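Asker: Below is a structure I'd like to ask you about.
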């Protein structure tokens, strides 16, 4: 177990037998970073699923946000008959969901049904499998990746149903002014923040605390770093549970990267490597190691190639604006929040912060991309460019791709992406972006209506 608040399979089955648990959520993470799966009766889970498993349609890794079946995916189509994927329970992820009665959750990996020889093969396009591939590469070198994600959201005094009916316009945020670090501002929202904090602690997350942010109604709940897979698993559970608790309280939360023309919501990702026994990899004596510099150089060299995995939606790119604390420039700096990569800490706390991802990022994909880039830098001993001192927004350094189309082009044509992630993964997520671009290009927006209905 990852900590004492998680359950072992034996403990879960005992609680089912005693009637303490009657529902088990079996879930995996899809391309969009959402939990998908089933709510199973406890006895059925214990009697059948633990021994024989369960499954779901393979279209779950080949649909858009609206769950529409779309073309272009090699693994799933009408021609292939939309068959099943099998869910493989990861016992390390068993947790209680105390905001729901008598409910536990277990997260899953995905494999294909057995072939003629009876062997299962992993679904390599699954976000969790993509991250695991990079973690395996770290393990081959005797390293463990440690990561933390800082996820912001905006909360509104409205239900999700009412927000939908209002077409998400003119919603009332839970705060009416900038509450960055404001104790008074967070007190006004404390019933929601406290419920999320305590529920996530019960679910096995190590909660640090909550703080206000800049946009109206914007907040962040922080969690202690962990190994990268645990962090990604926790991230997606938190994101879902936060929405569920908000709904229970008659509120709505959005993790859009850019809800309005004020500050966007970020997901800064902190990352470092350690030896398997905890020895430092990025720091020696009083400074950074050459390996750390190679790692940073690799991340910088591949940020443009991997931006699609940091910023996967049309809306993601509205967040990249000068002077917004969201980066537009590919550079690194020491404790410099204007750069795409910010280096913080020293000794055991030395780590890099990637400021490109927004709150809509898929943590498995973002972490996999950072590790792929960093390991590429180590393998090729890339030299780290000079630190950017000052305002990166006004520098002449290369820029972060400014649109989803530009990011998709960089990703699909990247030799590094194909070499580190594999053609199957690159083609799959390039198609995901193509689907989003086609949907957006076919839409008529409010901006067009307001500008053109009468005046053009």
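In my numbering, the protein residues as written are -6 to 449.
Glycine included, every Cβ here is placed at the ideal spot set by N, Cα and C.
Small disclaimer: the values here were computed from a predicted structure and weren't measured.
1. For the segment 269 to 276 and the segment 237 to 250, state whether three or more C-beta atom pairs, one from each stretch, are separated by less than 8 angstroms.
2. What is the DSSP secondary structure of residue 331, reduced to helix, strand or coil?
3. What residues in its chain sit with their C-beta under 8 angstroms from that of residue -1, if we drop five residues either side in the sequence?
4. Residue 143 bridges to which residues according to DSSP?
5. Using the beta-carbon count (16 or more within 10 Å), is residue 439 buried or exposed?
6. To which residues of the same chain is residue 236 closer than 7 angstroms at the C-beta, ignoring the five residues directly before and after it?
7. Let me know the secondary structure DSSP gives residue 237 once reduced to three states.
8. In chain order, what residues of the same chain have a beta carbon less than 8 angstroms from the beta carbon of residue 328, not counting five sequence neighbours either side?
9. Going by alpha carbons, who is nearest to residue 399 out of 325, 309, 414?
10. Select from 371, 346, 373, 112 the residue whose C-alpha is nearest the C-alpha of residue 360.
11. Among 394, 395, 356, whose alpha-carbon lies nearest the alpha-carbon of residue 121?
12. Could you give the residue range of the beta strand (DSSP E) that holds residue 204?
13. What did DSSP end up calling residue 305 once you bin it into helix, strand or coil?
14. For residue 137 versus residue 220, is the C-beta spacing smaller than 8 angstroms?
15. Between which residues of its own chain and residue 290 is the CB-CB distance below 8 angstroms, once the five residues before and five after are set aside?
16. Would residue 427 pass as a contact of residue 404 if the rule is Cβ separation under 8 angstroms?
17. Given 8 angstroms as the limit, is there contact between the segment 112 to 126 and the segment 183 to 196, that is, 3 or more CB pairs closer than that?
18. Between the C-alpha atoms of residue 108 and residue 80, what's the straight-line distance to the nearest angstrom?
19. Could you compute how far the alpha carbon of residue 187 sits from the alpha carbon of residue 146?
20. Rounded to whole angstroms, how far is the Cβ of residue 326 from the Cβ of residue 385, which I believe are closer than 8 angstroms?
21. Which of helix, strand or coil does DSSP assign to residue 105?
22. Select from 149, 54, 226, 175 the residue whose C-alpha is nearest the C-alpha of residue 242.
23. Provide the residue(s) that pair with residue 428 in DSSP beta bridges, ordered along the chain.
24. Measure the CB-CB distance between residue 165 and residue 152 and report whether it falls below 8 angstroms.
25. Rounded to whole angstroms, what is the Cα-Cα separation between residue 178 and residue 171?
26. Helix, strand or coil for residue 77, going by three-state DSSP, please let me know.
27. Is residue 144 near residue 119, with beta carbons less than 8 angstroms apart?
28. Would you give the residue range spanned by the alpha helix (DSSP H) that residue 344 belongs to?
29. Return the CA-CA distance between residue 253 and residue 306, expressed in angstroms with no decimal places.
30. According to DSSP, is residue 169 part of a helix, a strand, or is it coil?
31. Cα separation between residue 43 and residue 60?
32. Bridge partners for residue 214 per DSSP, in chain order?
33. Please confirm whether residue 397 and residue 358 have their CB atoms less than 8 angstroms apart.
34. For residue 100, collect the residues of the same chain with a Cβ closer than 7 angstroms to its Cβ; drop the 5 residues on either side in sequence, then sort them by chain order.
35. Using alpha carbons as the reference points, say which of 282, 301, 314, 233 lies closest to residue 255.
Answerer: So, to answer that:
1. no
2. coil
3. 85, 86, 87, 88, 197
4. 261
5. exposed
6. 246
7. helix
8. 335, 336, 337
9. 309
10. 346
11. 356
12. 200 to 205
13. coil
14. yes
15. 370, 375, 376, 377, 378
16. no
17. no
18. 16 angstroms
19. 15 angstroms
20. 7 angstroms
21. coil
22. 149
23. Partner(s): none; residue 428 has no beta bridge.
24. no
25. 8 angstroms
26. strand
27. no
28. Where residue 344 is concerned, there is no enclosing alpha helix (DSSP H), although the beta strand (DSSP E) it sits in stretches over 344 to 347.
29. 15 angstroms
30. coil
31. 28 angstroms
32. 203
33. no
34. 20, 21, 83, 86, 226
35. 314
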